[in-house]
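Worksheet: the structure to be examined is printed underneath.
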Amino acid sequence: MRFDFDYLSVEMHVDDDKLSGTAHGYLGELVQPFLGAFCNTMNSLKVIHHGKDGMLWHNLYNPPQPSKAGMRALMRKMMELMFKSIYPATANLAVTLRCQAKCVHCSADPFTDRTKTELSTAEVKSVIDQALDLGCNIVIFTGGDPLVRPDLPELINYVDKDRANVMIFTNGWGLTEQTVKELADAGLCTMNVSIDHVDPAVHNQLRGVPGLYERAFEGAARARQAGILTGISTYATGEKANDGSLERLLQVGQESGFHEVTVFDCIPSGKFLKHTELVLKPADRRKVVELCARYNAMKHPMGVICQSFINSPDGVGCFGAFSQFYMTAYGEINPCDFNPISFGNVRDKSLQQIWTEMRNHPHFSKRHMTCRMQTPSYRRKFIDVLPDDFKLPFPIEEIHRIWQEKGMAAELQKTSV
């Protein structure tokens, strides 16, 4: 498969589930080492799905290879290596805060502000354009529950699939036969269905909706039948790491035909922002990492993404303000969906300007090798200082003001958080 760029052509081949590539043209000799390293990295990953035209899916968070969107991912990485500039790969866009569920642990609920209006269809499309121009190769629609928003198929269809794949995070309630058809017709590539616990009664209680567990699994099955790759999004707690329930959920994922399970850490965020006791203890974290690695190594095609590993020094560190950003339903831009610090609103500034200002901030100019929201030194500077009557997201300018008032201005010059 051949991909042509300015001054460069790349030929990609798939043989026995392994990628190889050859770079040609004016920049071919310069690019070839980067291409080889890229292929080696991809070949170290598990193939979870074989797509059309021989394309390989290694996870739900990246385009398949080789594909046009996948080649944009390669070009973005090469630009970063060659020019030392950081461009986002993932745009996490909350398009609504409305939701059928009332989760006790919702990370987005504190962003709700009845005095504000959600971005319009045109405004979201503008953000999509800006995100793609910045280099994003995956657009994630989240909420609330994005299925509550009637123009979701239109927004999915608007994303240029040669430039980026589209994913949604949903509680699964709205995955009716008609809705799934509309999503598939619009070009939805992947979805994550949130499942909090393998026990249906516990899951439904945590989400405040009777029957939600069963309806989510039924909807995910419809999505797979329509050609949409599906994953389970869950989170690890010390209890679930030790009582076997997390492993049982991985087993259910395999048995049900899911392509992937993402195991997030239980992060002190949203409704639980100040509950740092929820952070996994080191022993429990090791158990989660080992469990996920064991299931990911199985011959069964389902993949497992483990935040405890990915966002650690053994993985690649924190994605926030490095390879992703998060937008609230009102247009505020945060480093990630768990980090409630806002660097501006797309209604007031361009996404490029906000991204540049965030990347130039002393505490966000380099990749942090652990999840910031689980790091005590970061929380001391950005979370613990929040006033009792704070509203989220909290503007970075107000953080600076608090530092000045508390005599912490010198912290601006320190990047070791």
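The numbering used here puts the first residue of the sequence shown at 44, with every later residue one more than the last.
The beta-carbon is built from N, C-alpha and C at its ideal position, and this holds for glycine as well.
Verify whether the separation of the beta carbon atoms of Tyr-130 and Arg-141 is less than 8 Å. no
Round the Cβ separation of Ile-199 and Val-191 to the nearest angstrom and send it over; I've been treating them as touching at under 8 Å. So it is not a contact: roughly 14 Å between Cβ atoms.
Reference Ile-171, options Ser-128, Leu-394 and Lys-434, closest by Cα: Leu-394
Between the Cα of Ile-439 and those of Thr-418, Ser-420, Gly-450 and Glu-400, spot the shortest distance and give me the residue it belongs to. Checked all of Thr-418, Ser-420, Gly-450 and Glu-400; the closest Cα to Ile-439 is Glu-400.
Counting Cβ pairs, one atom from each stretch, are 3 or more of them under 8 Å apart for the segment 94 to 104 and the segment 55 to 73? As far as the Cβ criterion goes, the segment 94 to 104 touches the segment 55 to 73, which means the pair count is three or higher.
Per-residue burial, Asn-463 [other beta carbons within 10 Å of its own, 16 or more giving buried]: Absent from the model: residue 463. The displayed extent of the chain is 44 to 460, so no value can be given.
Beta-carbon contacts of Gly-33 that lie in its chain and below 7 Å, excluding the five residues immediately before and after: As displayed, the chain neither begins before 44 nor continues past 460, which places residue 33 out of reach and without an answer.
Per DSSP, which one or two residues make a beta bridge with Arg-45? Glu-54
Between Pro-378 and Phe-407, is the Cβ-Cβ spacing less than 8 Å? yes
Alpha carbon to alpha carbon, what distance is there between Cys-309 and Trp-216? 23 Å
Per DSSP, Pro-153 is paired with what? According to DSSP, which records beta bridges pairwise, Pro-153 is partnered with nothing at all.
Spatial distance of Ser-110 from Asp-205 (CA atoms): So the alpha carbons of these two residues sit roughly 8 Å apart.
Looking only at its own chain, which residues have a Cβ that is under 7 Å from the Cβ of Met-85, when we skip the five neighbours before and after it? Leu-62, His-101 and Gln-108
Can you check which of these residues, Gln-173, Pro-356 and Lys-342, is closest to Ala-165 by C-alpha distance? Gln-173
I believe Thr-277 touches Asp-239 by the beta-carbon criterion, under 8 Å. Please report the beta-carbon distance rounded to the nearest angstrom. 6 Å
Identify every residue that forms a DSSP beta bridge with Cys-349. Val-306
Per DSSP, which one or two residues make a beta bridge with Ser-276? Ser-237 and Thr-305
Counting only the same chain and skipping the five closest in sequence on each side, list residues whose C-beta sits under 8 Å from that of Val-252. Gln-143, Ala-144, Lys-145, Asn-214 and Trp-216
Provide the residue span of the alpha helix (DSSP H) that contains Lys-61, from first to last. Element bounds for Lys-61: not the alpha helix (DSSP H) but the beta strand (DSSP E), 61 to 67.
Across which residues does DSSP place Pro-438 in a beta bridge pair? Ser-385
Please report the Cβ distance between Gly-94 and Ala-151, rounded to the nearest whole angstrom; I am assuming they are in contact, meaning their Cβ atoms lie under 8 Å. The pair is not a contact, with the Cβ atoms about 31 Å apart (cut-off 8 Å).
Quick one: residues in its chain with C-beta nearer than 6 Å to the C-beta of Thr-280, no 5 flanking neighbours on either side, listed in chain order? Cys-309
Hey, quick one: how far does the alpha helix (DSSP H) through Tyr-201 stretch, first residue to last? 195 to 201
Comparing alpha-carbon positions, which option in Ala-259, Ala-66, Arg-402 and Val-138 lies nearest Val-241? Relative to Val-241, the option among Ala-259, Ala-66, Arg-402 and Val-138 whose CA is nearest is Ala-259.
Would you check if the segment 309 to 326 and the segment 413 to 421 touch, i.e. whether three or more CB-CB distances between them fall below 8 Å? yes
In chain order, what residues of the same chain have a beta carbon less than 6 Å from the beta carbon of Gly-262, not counting five sequence neighbours either side? Gly-215 and Leu-218
Span of the beta strand (DSSP E), counted from its first residue to its last, around Leu-136: 133 to 137 is the extent of the beta strand (DSSP E) around Leu-136.
Helix, strand or coil: how does DSSP classify Ile-129 here? In the structure shown, Ile-129 adopts coil according to DSSP, grouped into three states.
Pair within 8 Å by beta-carbon distance, Asn-180 and Ala-132: Yes, Cβ-Cβ distance for Asn-180 and Ala-132 is below 8 Å.
At what residues does the beta strand (DSSP E) containing Ile-211 begin and finish? 208 to 213
Candidates Leu-292, Lys-224, Ser-355 and Pro-196: which alpha carbon is nearest Ser-237's? Leu-292
Could you tell me the alpha carbon to alpha carbon distance between Tyr-369 and Gly-178, rounded to whole angstroms? 15 Å
Pairwise C-alpha distance: Ala-116 and Gly-169: A quick correction: the sequence has Ser, not Gly, at residue 169. C-alpha separation (whole angstroms): 21 Å.
In this structure, how does DSSP classify Gly-223 when only helix, strand and coil are distinguished? According to the sequence as given, residue 223 is Val; it is not Gly. Helix at Val-223.
Give me, in chain order, the residues of the same chain whose beta-carbon lies closer than 7 Å to that of Ala-66; leave out the 5 immediate sequence neighbours on both sides. Leaving aside the five residues that flank Ala-66 on each side, the residues in its chain whose CB is nearer than 7 Å to its CB run, in chain order, Leu-51, Val-53, Val-74, Gln-75 and Leu-78.
Nearest-angstrom Cβ-Cβ length linking Leu-231 and Ile-271, presumed shorter than 8 Å: 5 Å
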